[in-house]
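2 protein chains.
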Amino acid sequence: MQLLKDRIRKDGIVKQGNVLKVDSFLNHQMDIELINEIGKEFKRLFEKEKITKILTIEASGIGIACIVAQYFNVPVVFAKKAQSINIEGEVFATKIESFTHKKTYDVIVSKKFLKPSDRVLIIDDFLANGCALVGLIDLVISSGASVEGIGIVIEKGFQSGGEIIREMGIHLESLAIVDSMNAEDGTVVFRGDK
Amino acid sequence: MQLLKDRIRKDGIVKQGNVLKVDSFLNHQMDIELINEIGKEFKRLFEKEKITKILTIEASGIGIACIVAQYFNVPVVFAKKAQSINIEGEVFATKIESFTHKKTYDVIVSKKFLKPSDRVLIIDDFLANGCALVGLIDLVISSGASVEGIGIVIEKGFQSGGEIIREMGIHLESLAIVDSMNAEDGTVVFRGDK
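Chains as they are written, first to last, in this note's numbering: chain A, 992 to 1185; chain B, 992 to 1185.
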């Protein structure tokens, strides 16, 4: 998605350790106009999948998922990072390791909101090692629903998550795949760039 | 807002301890169509305030704030619950006590995203004791920006938050104010009900 790549080049900040900061437009301050364009693009890419529900994970996926959901006319469900699982039995639960925060979360979705008949589109802002996505896929499978697609705003193509998910045979679309970045001169190379 | 009150009566669940669960349409599963109507109503209520930015706090406020922001054509900034404040100097920070989770969070907003010229509308799903809101107001004041309004979806009118905020002279609008609820028969009494 050219608009997104242009914006990453303009306002993204490359930091040491392969960190790409997009907090001025995507995950701290949010440019709603840009995210609407992202919503239209996901609609185009997943139009045929007869999506009934959009699933994401708190926190930074929620706003994107809500804007995207308008183009599919379906509800959003966001998985919660649980303090403790004391609602056993009423929820689907999984564990997700966060490398950013160096801890493991219990992540839950109420059984009321994922049903075997649901055709789920998973939406998230970033895909790196894929831990969060694998956890979300696990929640959907637990419910008997199907993962009909995964829409990612920015994929770090040099990490393994994208490959893991694609090898599962899931329809994954990333609107910008970063193949490399350089913290010294701030440049970003996207997959498909000449 | 009648549509919202009707929905709370229909799908809200009253639990012991003055807990009102609205997780089927507002803060776990999200009914985007309803939230669009909420957005239109906030636009009507705060139309004159020349809002330049919407501020909320993760996690459940984010989706609502993003949908609402579309009616104001402004960006959303969400305050983050910090793991630790190791970015001192670059952020406005405050502490917010959560009674639900029985802990105190450091809450931060990057200094890049709140400027003295900003006219801020704060959006959140619930107002009870007001701790989260007072923290967000504190962040805005730290930045030199002005709080032009606060839009709340559901206020627990029998808790002190609403009174505290209104006594500050801030333009607070709650779309549904619950004056009492009864866990035994599941009834909810809204302010203004006959």
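Glycine is no exception: its CB is placed at the ideal position from the N, C-alpha and C atoms.
- Assignment of A1136(B) by DSSP, reduced to helix, strand and coil, places it in the coil class.
- When CB distances to chain B are screened at a threshold of 7 Å, the residues of the region 1027-1053 of chain A falling below it are E1049, A1050 and I1053, in chain order.
- Considering only beta carbons, the part of the region 999-1014 of chain A lying closer than 7 Å to chain B consists of D1014, in chain order.
- For a Cβ distance threshold of 9 Å, nothing in chain B lies close to K1147(A): the least Cβ distance comes to about 21 Å.
- I1141(A) and L1163(A) do touch by the CB rule: their CB atoms are close to 5 Å apart, below 8 Å.
- Considering only beta carbons, no part of the region 1150-1169 of chain B lies closer than 9 Å to chain A.
- Around the CB of S1015(B), 16 or more other CB atoms lie within 10 Å, so the residue is classed as buried.
- Taking a contact as a CB-CB distance under 8 Å, the pair I1004(A) and R1110(A) does not count as one, their CB atoms being some 37 Å apart.
- Classified as buried, T1047(B) has 16 or more neighbouring CB atoms from the shown chains inside 10 Å of its CB.
- For S1108(A), the nearest beta carbon of chain B is not closer than 9 Å to its own beta carbon.
- Taking one beta carbon from each stretch, the region 1088-1101 of chain A and the region 1046-1061 of chain B have fewer than 3 pairs nearer than 8 Å; the two do not touch.
- With respect to the C-alpha of F1083(A), the residue from D997(A), K1102(A) and L1011(A) having the closest C-alpha is K1102(A).
- In chain order, Y1096, V1098, C1122, A1123 and G1126 place their CB closer than 6 Å to the CB of I1087(B), counting only its own chain and leaving out the 5 sequence neighbours on each side.
- In this chain, the beta strand (DSSP E) harbouring F1069(B) covers V1067 to A1073.
- The contact set of D1022(B) on chain A, defined by CB atoms closer than 8 Å, consists of P1066 in chain order.
- Against chain A, the beta carbon of A1119(B) has no neighbour under 9 Å; the closest one sits roughly 18 Å away.
- For I1114(A), there are no neighbours in chain B by C-beta distance under 7 Å, as the nearest C-beta there is about 11 Å away.
- Nearest CB-CB separation between I1058(A) and chain B: below the 9 Å threshold.
- Closer than 9 Å to the CB of Q1061(A) there is at least one CB belonging to chain B.
- When rounded, the separation of the alpha-carbon atoms in K1071(A) and A1174(A) is 33 Å.
- Closest by C-alpha distance to L1130(B), out of V1068(B), I1058(B), S1165(B) and E1028(B), is V1068(B).
- Shown here for I1029(B): same chain residues with a beta carbon closer than 8 Å to its own, the five before and five after excluded, namely M992, L995, I1055, I1058, V1059, V1144 and L1166 in chain order.
- Chain B places no beta carbon closer than 9 Å to that of K1185(A), leaving this residue out of the contacts.
- Residues of the region 1077-1104 of chain B with a C-beta less than 7 Å from any C-beta of chain A: H1092, S1101, K1103 and F1104, listed in chain order.
- Less than 9 Å divides the Cβ of R1182(B) from the Cβ of I1168(B).
- At least one CB atom of chain B sits nearer than 9 Å to the CB of K1071(A).
- When the alpha-carbon of V1065(A) is set against those of I1023(A), A1073(A) and I1113(A), the nearest one is in I1113(A).
- According to the DSSP assignment, F1083(A) belongs to no alpha helix (DSSP H) but to the beta strand (DSSP E) extending over V1082 to S1089.
- Here F1104(B) is buried. Its C-beta has 16 or more other C-beta atoms within 10 Å.
- Not a single CB atom of chain A sits nearer than 9 Å to the CB of I1132(B).
- Under the 9 Å criterion on CB atoms, I1055(B) is classed as interfacial with respect to chain A.
- As for any beta strand (DSSP E) of minimum length 3 sitting wholly inside the region 1000-1026 of chain A, the runs are 1004-1006 and 1010-1012, ordered along the chain.
- Shown here, F1104(A) sits in a helix according to DSSP, grouped into three states.
- The beta carbon of E1139(A) sits closer than 8 Å to the beta carbons of F1037, E1040, K1041, I1042, R1110, V1111, L1112 and H1162 from its chain, once the five residues preceding and following it are set aside; these are given in chain order.
- When F1090(A), V1010(A) and Q1061(A) are compared, the shortest CA-CA separation from N1120(A) is found for F1090(A).
- Of the candidates I1053(B), E1032(B) and K1006(B), the residue whose Cα lies closest to the Cα of H1019(B) is I1053(B).
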